[in-house]
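In my numbering, the protein residues as written are 1124 to 1304.
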């Protein structure tokens, strides 16, 4: 006998949550390993942020707030960023996009990509402003913008992999998330 549909869906959501956490921890581990002998020419994209934003817009139940807080705080500590700042900005942007998901569910992908690009640039510039107000050292604006642009360029590829390899597509507008009334 097959399990009920609700049970299969719950298993699938928990599976995606586990994938999200394991992927995030693997990315952080890779970034702290001393694999490069020289100074990298260009900053790489923020894979965890790209996956978080893509999955929040597709199926928000797969990216719980506790998992986002855990991954981004661990990333802040291990990657020697100001503890909690990038985490707070990521949570603000994630909740902003989660609350507007119904409005962009039927919109074309370019609109979604533009909204995500604006959110990422707002995060980068918001971090700069906060660090400037607190008079702390910060990387050059060019490097910060290049990392943000690399993440924006990565976003469509994350969406493609999520949709076609993992089967994580947008929820219909009328379908509610589990646990939401």
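We treat Cβ as the ideally placed atom computed from N, Cα and C, and that holds for glycine.
Query, Result
"Considering only C-alpha positions, which residue in the set 1180, 1132, 1248 and 1171 is nearest to residue 1286?", "1180"
"Quick one: what's got a C-beta closer than 8 Å to residue 1196's C-beta in the same chain, skipping five residues either side?", "1206, 1207 and 1210"
"Applying the criterion that 16 or more other CB atoms from any shown protein chain within 10 Å of the CB defines a buried residue, is residue 1143 buried or exposed?", "buried"
"Identify which residue in 1272, 1283 and 1129 has its Cα closest to the Cα of residue 1364.", "The question about residue 1364 has no answer here: the residues shown for the chain are numbered 1124 through 1304."
"Go ahead and label residue 1259 buried or exposed: buried means 16 or more other beta carbons lie within 10 angstroms of its beta carbon, across all protein chains shown.", "exposed"
"Could you tell me which whole alpha helix (DSSP H) segments of length 4 or greater appear in the region 1197-1226?", "1208-1222"
"Compute the distance between the beta-carbons of residue 1276 and residue 1246, then report whether it is under 8 Å.", "no"
"What is the DSSP secondary structure of residue 1186, reduced to helix, strand or coil?", "coil"
"Need the endpoints of the alpha helix (DSSP H) that residue 1287 sits in, please.", "No alpha helix (DSSP H) contains residue 1287, which DSSP labels as neither H nor E."
"Going by other Cβ atoms of all chains shown within 10 Å of its Cβ, with 16 needed for buried, is residue 1176 buried or exposed?", "buried"
"Indicate whether residue 1291 and residue 1185 have their beta-carbon atoms separated by less than 8 Å.", "yes"
"Within its chain, find whatever has a CB closer than 6 Å to the CB of residue 1155; leave out the 5 residues flanking it on each side and keep chain order.", "1201"
"I'd like to know whether the C-beta of residue 1148 is nearer than 8 Å to at least one C-beta of chain D.", "The structure shown contains no chain D; it is built from a single protein chain."
"With DSSP run on the structure shown, which of helix, strand or coil describes residue 1164?", "coil"
"Do you know offhand how far residue 1249's Cα is from residue 1268's?", "12 Å"
"Quick check on the DSSP output: the alpha helix (DSSP H) that includes residue 1131 runs from which residue to which?", "1128-1155"
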